[in-house]
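Per the numbering used here, the very first residue in the sequence shown carries number 867; after that it's consecutive.
Think of the CB as a built atom: it goes at the ideal place given N, C-alpha and C, for glycine as much as any other residue.
Down below is the structure, laid out as structure tokens.
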Amino acid sequence: MKLKFKVIIPLVIIISTGFIIYFGFYFFPYQNHLQQSTKTIYIAPYISHTHTCHTHSPSCTGELPNQLINYTISANNETLIFSNEIITEDNGFFQLDLEINTPYVIQMRVSINETLF
867 MKLKFKVIIP
877 LVIIISTGFI
887 IYFGFYFFPY
897 QNHLQQSTKT
907 IYIAPYISHT
917 HTCHTHSPSC
927 TGELPNQLIN
937 YTISANNETL
947 IFSNEIITED
957 NGFFQLDLEI
967 NTPYVIQMRV
977 SINETLF
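Here it is as structure tokens:
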């Protein structure tokens with residue numbers, strides 16, 4: 867009888883702890899300290915027109931496909947965070963991974979050597 871309790875009680879404690887951890891991450895995801903501190907954003911530079919894009923559709927295309935873009939990212943007080951160049955994808959978008967909860971200013975420049983429209 868004592869042997870059963872020595873085996874069953876630790877087993878119940880281990881299983882219960884596992885359930886608590888699993889459901890804790892499920893029901894309280896914002897309490898998870900392991901969540902990512904960055905967010906991927908997709909940008910489609912434009913020349914003549916744009917639209918508000920609340921839900922990005924895979925069929926959405928930008929005005930500048932396969933174009934070299936020079937971009938600069940600054941933080942709150944105009945502190946330079948990053949400066950680089952990138953080629954937009956076939957759909958005219960490029961992606962950046964930025965830290966969350968920080969306001970940014972993104973400046974872009976492009977030199978167009980061909981007629982796009």
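Worksheet entry | Cβ contact (3+ pairs, closer than 8 Å) linking the region 964 to 975 and the region 933 to 942 | yes
Worksheet item: Is it the case that the Cβ atoms of Thr954 and Pro911 are separated by a distance below 9 Å?
Response: Here residue 954 is taken as the residue at index 88 of the sequence shown, counted from 1. Here residue 911 is taken as the residue at index 45 of the sequence shown, counted from 1. Closer than 9 Å, so yes.
Practice prompt. From the DSSP output, read off the bridge partner residues of Asp963.
Written response: Against the sequence shown, residue 963 aligns to sequence position 97. The partner list for Asp963 (beta bridge, DSSP) reads Thr906.
Worksheet item: According to the Cβ coordinates, are Asn957 and Thr918 closer than 9 Å?
Response: Residue mapping note: residue 957 aligns to position 91 of the sequence shown, counting from 1. Residue mapping note: residue 918 aligns to position 52 of the sequence shown, counting from 1. Result no, Cβ atoms of Asn957 and Thr918 do not sit closer than 9 Å.
Discussion item. Quick check on the DSSP output: the beta strand (DSSP E) that includes Tyr970 runs from which residue to which?
Written reply: Residue mapping note: residue 970 aligns to position 104 of the sequence shown, counting from 1. Looking at the DSSP string, Tyr970 is not in any beta strand (DSSP E), and its letter there is neither H nor E.
Worksheet entry | beta strand (DSSP E) segment containing Ile995, residue limits | For the chain, the structure presents residues 867 to 983; residue 995 sits outside this window and is missing.
Worksheet entry | Among Ser977, Ile966, Ile879, nearest to Pro931 - alpha-carbon criterion | Walking along the sequence shown from the start, residue 931 turns up at place 65. Checked all of Ser977, Ile966, Ile879; the closest Cα to Pro931 is Ser977.
Discussion item. Pull the bridge partners of Leu946 from the DSSP assignment, please.
Written reply: Here residue 946 refers to the residue found at position 80 of the sequence shown. Answer is Ser940, bridged to Leu946.
Fill in: Test item: CB-CB of Leu962 and Ile913 under 9 Å
Here residue 962 refers to the residue found at position 96 of the sequence shown. Here residue 913 refers to the residue found at position 47 of the sequence shown. No, Cβ-Cβ distance for Leu962 and Ile913 is not below 9 Å.
Worksheet item: Does the distance from the C-beta atom of Leu964 to that of Glu951 stay below 9 Å?
Response: Here residue 964 refers to the residue found at position 98 when the sequence shown is read from its first residue. Here residue 951 refers to the residue found at position 85 when the sequence shown is read from its first residue. Result no, Cβ atoms of Leu964 and Glu951 do not sit closer than 9 Å.
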